[in-house]
């Protein structure tokens, strides 16, 4: 479990790296100064300035990032459910089915909203005036809060156990490392 936690912790640093890289491309491309380019279009426009590889890098990064995020959240949901059900796996299959359905529904909702505001700048302004982008951001914030608050609370409640277990397991991991000659 500790090895998985250490590996999972590295994902935060990868996210920081990817976000920093994206920010640098946007700043260097100068698109952040264009008042007519918004949100995802800003990122897409900036990466298009990198000849040949800009757009493929953006697409690849987006696909990998979104896919691994979906898989990771599904895993967290399963583990939380196992913990709440005291190790029972009875609800795992129904929750997996529900998770898959909600993943497709979320993708469909996100696509239908994004089609409204990526076709042209005038449609983007119309979508913002109608509140669809505000709704999507509110939905994102709500779902992130619903996942974050219980996790922070659980970390606080189990902090002593987590620290003790982590220290013990790190000692075991370090003790098993081959020694240099």
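Residue numbers (our numbering): 21 to 201. Yeah, the Cβ is synthetic: ideal placement off N, Cα and C, and Gly gets one too.
Selected residue, minimal CA-CA separation from residue i, among the options
i: residue 90; options: 181, 107, 126, 38; result: 126
i: residue 35; options: 55, 54, 164, 84; result: 84
i: residue 79; options: 185, 193, 61; result: 61
i: residue 123; options: 33, 55, 93; result: 93
i: residue 31; options: 76, 170, 88, 110; result: 88
i: residue 171; options: 110, 111, 104; result: 104
i: residue 159; options: 112, 129, 186; result: 129
Beta carbon of residue i nearer than 8 Å to that of residue j
i: residue 38; j: residue 81; result: yes
i: residue 51; j: residue 40; result: no
i: residue 175; j: residue 183; result: no
Helix, strand or coil at residue i [DSSP, three-state]
i: residue 45; result: helix
i: residue 57; result: coil
i: residue 142; result: At residue 142, the pLDDT of 45 sits below 50, so the modelled position is not reliable and the matter cannot be decided from this model.
i: residue 136; result: In this predicted model, residue 136 has a pLDDT of only 48, less than 50, meaning its place in the structure is not dependable; the value taken from the coordinates is given anyway. Helix, per DSSP.
i: residue 127; result: helix
i: residue 33; result: helix
C-beta neighbour in chain C for residue i, strict 8 Å
i: residue 85; result: Considering every chain present, this structure includes no chain C. It has just one protein chain.
Between the stretch 67-85 and the stretch 30-49, do at least 3 Cβ pairs fall closer than 8 Å? yes
Specify whether the stretch 87-102 and the stretch 111-121 touch according to this definition: at least 3 beta carbon pairs, one from each stretch, less than 8 Å apart. yes
Starting from the N-terminal side, write out each stretch of the alpha helix (DSSP H) that is 4 residues or longer and does not extend beyond the stretch 62-116. 74-104
Complete runs of the alpha helix (DSSP H) confined to the stretch 161-195 [at least 4 residues]: 179-195
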